[in-house]
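S.K.:
Residue numbers (this note's numbering): 4 to 261.
1) So, at 6 Å on beta carbons, what are the nonlocal neighbours of residue 92 in its own chain, with the 5 sequence-adjacent residues on each side left out?
2) Cutting at 7 Å between CB atoms, please list the residues of its own chain near residue 8, excluding the five before and the five after it.
3) Is residue 124 near residue 141, with beta carbons less than 8 Å apart?
4) Would you mind reading off the limits of the alpha helix (DSSP H) that contains residue 171?
5) In chain order, what residues of the same chain have a beta carbon less than 6 Å from the beta carbon of residue 67, not counting five sequence neighbours either side?
6) According to DSSP, simplified to helix, strand and coil, what is residue 111?
7) Name the DSSP bridge partner or partners of residue 116?
8) What number of angstroms, rounded off, separates the C-alpha of residue 211 from the C-alpha of residue 189?
9) Which whole-angstrom value is the C-beta distance of residue 20 and residue 237, which I expect to be below 8 Å?
10) So what's residue 156 in DSSP terms, helix, strand or just coil?
11) Would you mind stating whether residue 175 and residue 115 have Cβ atoms separated by less than 8 Å?
12) So is residue 143 buried or exposed if we call it buried at 16+ other beta carbons inside 10 Å?
13) Nearest to residue 108 by CA position, among 6, 97, 181, 60, is which residue?
14) In whole angstroms, what is the alpha-carbon distance linking residue 58 and residue 71?
15) Mind checking whether residue 23 and residue 241 have CB atoms under 8 Å apart?
16) Would you call the CB atoms of residue 193 and residue 89 closer than 8 Å?
17) If you reduce the DSSP assignment to three classes, tell me which class residue 80 lands in.
18) Please state the DSSP three-state secondary structure of residue 217.
19) Excluding sequence positions up to five away, which residues of its chain have a Cβ less than 7 Å from the Cβ of residue 234?
20) Could you work out which residue in 244, 250, 215, 261 is closest to residue 50 when comparing CA atoms only?
21) Can you tell me where the alpha helix (DSSP H) holding residue 243 begins and where it ends?
22) In terms of residue numbering, what span does the alpha helix (DSSP H) encompassing residue 13 cover?
23) Reducing DSSP to helix, strand and coil, say where residue 73 ends up.
24) Would you give the residue range spanned by the alpha helix (DSSP H) that residue 134 belongs to?
25) Between residue 132 and residue 228, how many whole angstroms is the CB-CB distance? I'm expecting something under 8 Å.
26) Would you grab the beta carbon distance between residue 82 and residue 105 for me? Rounded to a whole angstrom, and I think it's under 8 Å.
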């Protein structure tokens, strides 16, 4: 199969969901506040995204506490560092994704472990915070990671959202590092949306959209490997983008009101 992502992009329900998300992003990019305050909106979106990513890891803290730098939980701090790192990693993502993931894990897992930061796990066991079942073996994970890196570098007719959804799911279910894998997976999804053209200014708080949906359930559907299950996950990622647009639009509206 020369373009597997293009096949996935045509699964039932996927084209419509992806198109709706694309239209939502296009509407957001026309918001008048972005003419003067795009960097500020992106920064706020990243903060809210990091908070949501930590919440998906089981550490839910108030947004205002983050603004005041009152939260020192290592999961939250790791999510914040990973979010902040994305702007420096974009140019490397297509050509050296292995290097980017190693860096994301290094910043996300600092404080959670001191061993093998940035290195894939050597053992077959990995934590299962979402109840997804046993992770692939270390050997199988290496093979699947190589396949994922190939997808990131290969030409495809599939929309960026489909690639981002597959990147996210593969990292989340493989758990390649054994710590902070969820934070890394969601950061990689956002980075893919930025670098492959759907959200080049990193405005969409897609992590917030994932928090507001049955996240683990959709990943279990993806794990089933059926067209229906994969389609369910891709559609949920599209919905997460649309909901993330809603969150960012609220940011713009608040800035417009002053």
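Where a beta carbon is used, it is the ideal one built from N, C-alpha and C, also for glycine.
On a predicted model such as this, the values are computed, not experimentally measured, just so you know.
M.R.: For this structure:
1) Along the chain shown, one-based indexing puts residue 92 at 89. So the qualifying residues of the chain are 103.
2) Along the chain shown, read from residue 1 onward, the residue named residue 8 stands at position 5. 154, 159, 161, 165, 166, 169, listed in sequence order.
3) In the chain shown, counting from the first residue as 1, residue 124 sits at position 121. In the chain shown, counting from the first residue as 1, residue 141 sits at position 138. Closer than 8 Å, so yes.
4) Within the chain shown, the letter at position 168 stands for residue 171. Here the alpha helix (DSSP H) through residue 171 covers 163 to 177.
5) Your numbering for residue 67 matches position 64 in the chain shown. Correct list: empty, nothing qualifies.
6) Within the chain shown, numbered from 1, the residue matching residue 111 stands at position 108. Residue 111 falls in the helix class under three-state DSSP.
7) If you number the chain shown from 1, residue 116 lands on position 113. BP columns for residue 116 point to 113.
8) Within the chain shown, the letter at position 208 stands for residue 211. Within the chain shown, the letter at position 186 stands for residue 189. Those two C-alpha atoms are separated by around 11 Å.
9) One-based indexing of the chain shown puts residue 20 at position 17. One-based indexing of the chain shown puts residue 237 at position 234. Contact holds; Cβ gap of about 7 Å.
10) Position 153 of the chain shown, counting from 1, holds the residue named residue 156. Helix at residue 156.
11) On the chain shown, position 172 is the one that residue 175 refers to. On the chain shown, position 112 is the one that residue 115 refers to. No, the pair does not count as a contact, with Cβ atoms beyond the cut-off.
12) Along the chain shown, read from residue 1 onward, the residue named residue 143 stands at position 140. Here residue 143 is exposed. Its C-beta has fewer than 16 other C-beta atoms within 10 Å.
13) Position 105 of the chain shown, counted from the start, is the residue given in the question as residue 108. For the residues 6, 97, 181, 60, the minimum Cα distance to residue 108 belongs to 181.
14) One-based indexing of the chain shown puts residue 58 at position 55. One-based indexing of the chain shown puts residue 71 at position 68. One C-alpha to the other measures close to 18 Å.
15) The residue labelled residue 23 in the question sits at position 20 within the chain shown. The residue labelled residue 241 in the question sits at position 238 within the chain shown. Cβ atoms of residue 23 and residue 241: closer than 8 Å.
16) For the purposes of this step, residue 193 is taken as the residue at position 190 of the chain shown. For the purposes of this step, residue 89 is taken as the residue at position 86 of the chain shown. Going by C-beta atoms, residue 193 is nearer than 8 Å to residue 89.
17) The residue given as residue 80 occupies position 77 in the chain shown. Residue 80 falls in the helix class under three-state DSSP.
18) The residue given as residue 217 occupies position 214 in the chain shown. Here residue 217 sits in coil by DSSP.
19) As a working mapping, residue 234 is identified with position 231 in the chain shown. Sequence-distant Cβ neighbours of residue 234 in its own chain, meaning closer than 7 Å and more than five residues away, are 14, 15, 16, 17.
20) As a position in the chain shown, residue 50 is number 47, starting the count at 1. The shortest C-alpha separation from residue 50 is found at 250.
21) As a first step, residue 243 must be located in the chain shown, where it is residue number 240. Run containing residue 243: 230 to 260, per the alpha helix (DSSP H) assignment.
22) By one-based count along the chain shown, residue 13 stands at place 10. Where residue 13 is concerned, there is no enclosing alpha helix (DSSP H), given that its DSSP letter is neither H nor E.
23) Working through the chain shown from its first residue, we reach residue 73 at position 70. If DSSP states are grouped into helix, strand and coil, residue 73 belongs with coil.
24) Within the chain shown, numbered from 1, the residue matching residue 134 stands at position 131. Unbroken run through residue 134: none, as it is neither H nor E.
25) Position 129 of the chain shown, counted from the start, is the residue given in the question as residue 132. Position 225 of the chain shown, counted from the start, is the residue given in the question as residue 228. Incorrect: roughly 21 Å between the Cβ atoms, too far for contact.
26) By one-based count along the chain shown, residue 82 stands at place 79. By one-based count along the chain shown, residue 105 stands at place 102. The Cβ separation is near 17 Å, so there is no contact.
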